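A.B. asks: First the structure, which I've put down as structure tokens, then a few questions once you've had a look.
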Amino acid sequence: MDKSVQINKSQSVVKELGIQINENLDMYEKQQLTELLTRNRQIFAKDISELGKTEYNYHRIDTGDAPPVQSMPYRQTPQMREETEKHIDMMLQNDIIEPSSSPWASPVVLVRKKKNNKDAKQEFRFAVDYRRLNKCTLRTKFCIPRVDDVFDTVANSKTVIYSVLDLMSGFFQTPLDPETKHKSAFVTHQVYTDNITLRWIDTIKNIQGRLGRWALELQGYDFQIMHRPGKNNNADALSRREYEQQGPTFYPHTEAEETVASLIDNNYEIITFDYEGDEEQQLNILAITDNADDDTLEDIDPEQFKHKTFRHLQRHCPDYVEIFNYKLNGQVPQERQKARQHDD
């Protein structure tokens, strides 16, 4: 590779990472440092989209038998709320957090970062107030060395270079234990709905009537309405799955006797339907079963399975006779309540 091209690439990497090289270094030292950063570009992250994740340790939250703790979100100014949502959207896009329905909930706080100079833009650090969660968390005890022993160890050492090893958003790079990660849930001010018209309640002018009363009632709460299409809902997604077409087998009227004959060849039981108030109108229907008595086969009359038989019984059924009279002859029932039902 051409040396000039390599130098330009190294300088672009340093600029991309936002690293400021000390001006007290000479040209050779700057070049060495730039080449070192370029060769190890993969271990540096310019933003949270390039963060790594360890697989050797999972943080576990042990709360024993403590009940879930829930806290309401803190009130924020519109500017702080916008900053909070920006952080949340960025973490969602990079799979750092995920939506949750956990009974545990802690509020979000934004901490102002220290400015390097007065003209720099104010930045905020996203944090969660876990004080209530920490109170019910069982402490993990480690053996910490004595301070005087540490001083005795380094007392005779001579430090040539002071170096600080730090991680960008270090807590984001340690995964949570799958069984206890729901305890780290936090609450925000967003309300998701599949009704897009609800978003108009914040922008519509001269609200009146019922909608105006609801808008006035909601002004006491600090939240933001977000629209999520119905096709993205879990329950609706299940109804959109493709299934094989299922349904009862259709038998033409001309095949009724053959159908009855095929049923008689199998085990069956007799089910009798009686219309209330009319003991003479009965119909025995075959139902295939494994526990049937073959002695009753001779009692089955195939004529009962004719289409006209069903039609006759239904036509004279007390529950349907008034509907038939109204549909065929326009005859309105004498009872006022039933007449209104037919008119509707």
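Note that the UniProt record's numbering has the sequence shown beginning at 1, numbered continuously upward. Every residue, glycine too, gets a C-beta built ideally from N, C-alpha and C. This one's a predicted model, so the numbers in the text were calculated from it and none came from an experiment.
#1: Can you give me the Cβ contacts of Q314 inside the same chain, cut-off strictly under 7 Å, excluding the 5 residues immediately before and after it?
#2: Flag this pair as yes or no: are the beta carbons of P73 and P103 separated by less than 9 Å?
#3: Roughly how far, in whole angstroms, is the beta-carbon of residue 355 from the beta-carbon of S71, given that I think they are within contact range, below 8 Å?
#4: Mapping DSSP to helix, strand and coil, what is V187?
#5: Here's the rule I'm using: 16 or more other beta-carbon atoms within 10 Å means buried, otherwise exposed. How should K15 be labelled?
#6: Is the distance from the Cβ of D62 to the Cβ of T174 below 9 Å?
#7: Between the Cα of V35 and those of A45, H316, I21, spot the shortest distance and give me the residue it belongs to.
#8: So, for V187: in the same chain, excluding its five sequence neighbours on each side, which residues have a beta-carbon less than 6 Å away from its beta-carbon?
#9: Flag this pair as touching only if the segment 168 to 183 and the segment 51 to 65 have three or more C-beta atom pairs under 8 Å; answer yes or no.
#10: Would DSSP call Q70 helix, strand or coil?
#11: Report the CB separation of F44 from E83 in whole angstroms; it is logged as a contact under 8 Å.
#12: Could you give the distance in angstroms between the alpha-carbon of V150 and the alpha-carbon of N156?
#13: I'd like to know whether the C-beta atoms of P107 and D129 end up nearer to each other than 9 Å.
#14: Assign V13 to buried or exposed, taking buried as 16 or more other Cβ atoms, counted over all protein chains shown, within 10 Å of its Cβ.
#15: Using the Cα positions of A185 and V111, report the straight-line distance between them to the nearest angstrom.
#16: Of all the options T77, A66, D89, which has the alpha carbon lying nearest to the alpha carbon of R132?
#17: Tell me whether the beta-carbon of F172 lies closer than 9 Å to the beta-carbon of M91.
#18: What is the residue span of the beta strand (DSSP E) that L110 lies within?
#19: By the three-class DSSP mapping on this structure, what secondary structure does R60 have?
#20: Can you have a look at I96 and say buried or exposed, based on whether 16 or more other CB atoms are within 10 angstroms of its CB?
#21: So for F124, helix, strand or coil by DSSP?
C.D. replies: Let me lay it out:
#1: Stepping through the sequence shown from its first residue, residue 314 is reached at position 314. Around Q314: Y320.
#2: Start at 1 with the first residue of the sequence shown, and residue 73 comes out as number 73. Start at 1 with the first residue of the sequence shown, and residue 103 comes out as number 103. Cβ distance not < 9 Å, so P73 and P103 don't count as in contact.
#3: There is simply no residue 355 to check, as the chain begins at 1 and stops at 344 in what is shown.
#4: Numbered from 1 along the sequence shown, position 187 holds the residue referred to as residue 187. If DSSP states are grouped into helix, strand and coil, V187 belongs with coil.
#5: For the purposes of this step, residue 15 is taken as the residue at position 15 of the sequence shown. Its Cβ having fewer than 16 others within 10 Å, K15 is exposed.
#6: Within the sequence shown, the letter at position 62 stands for residue 62. Within the sequence shown, the letter at position 174 stands for residue 174. No; because the gap between Cβ atoms is not below 9 Å, this pair is not in contact.
#7: Against the sequence shown, residue 35 aligns to sequence position 35. In the sequence under discussion, the amino acid at residue 35 is Glu, which differs from the Val named in the question. It is I21 whose Cα lies nearest to the Cα of E35.
#8: Translated into the one-based positions of the sequence shown, residue 187 becomes position 187. So the list reads P73, A105, once near-sequence residues are dropped.
#9: yes
#10: Working through the sequence shown from its first residue, we reach residue 70 at position 70. Strand.
#11: Position 44 of the sequence shown, counted from the first residue, corresponds to residue 44. Position 83 of the sequence shown, counted from the first residue, corresponds to residue 83. 25 Å between Cβ atoms; not a contact.
#12: Stepping through the sequence shown from its first residue, residue 150 is reached at position 150. Stepping through the sequence shown from its first residue, residue 156 is reached at position 156. Roughly 11 Å between the two C-alpha positions.
#13: As a first step, residue 107 must be located in the sequence shown, where it is residue number 107. As a first step, residue 129 must be located in the sequence shown, where it is residue number 129. In contact: P107 and D129 (Cβ atoms closer than 9 Å).
#14: Taking the sequence shown and counting its residues from 1, one reaches residue 13 at position 13. Label assigned to V13: buried.
#15: The residue given as residue 185 occupies position 185 in the sequence shown. The residue given as residue 111 occupies position 111 in the sequence shown. If you take the alpha carbons of A185 and V111, they lie about 19 Å apart.
#16: In the sequence shown, residue 132 corresponds to position 132, counting from 1. Checking every option, the nearest Cα to that of R132 belongs to A66.
#17: As a first step, residue 172 is located in the sequence shown; it is residue number 172 there, counting from the start. As a first step, residue 91 is located in the sequence shown; it is residue number 91 there, counting from the start. Cβ distance < 9 Å, so F172 and M91 count as in contact.
#18: As a first step, residue 110 is located in the sequence shown; it is residue number 110 there, counting from the start. From DSSP, the beta strand (DSSP E) with L110 extends over 108 to 112.
#19: The residue labelled residue 60 in the question sits at position 60 within the sequence shown. Coil, per DSSP.
#20: Taking the sequence shown and counting its residues from 1, one reaches residue 96 at position 96. It counts as buried.
#21: Mapped onto the sequence shown, residue 124 falls at position 124. Here F124 sits in strand by DSSP.
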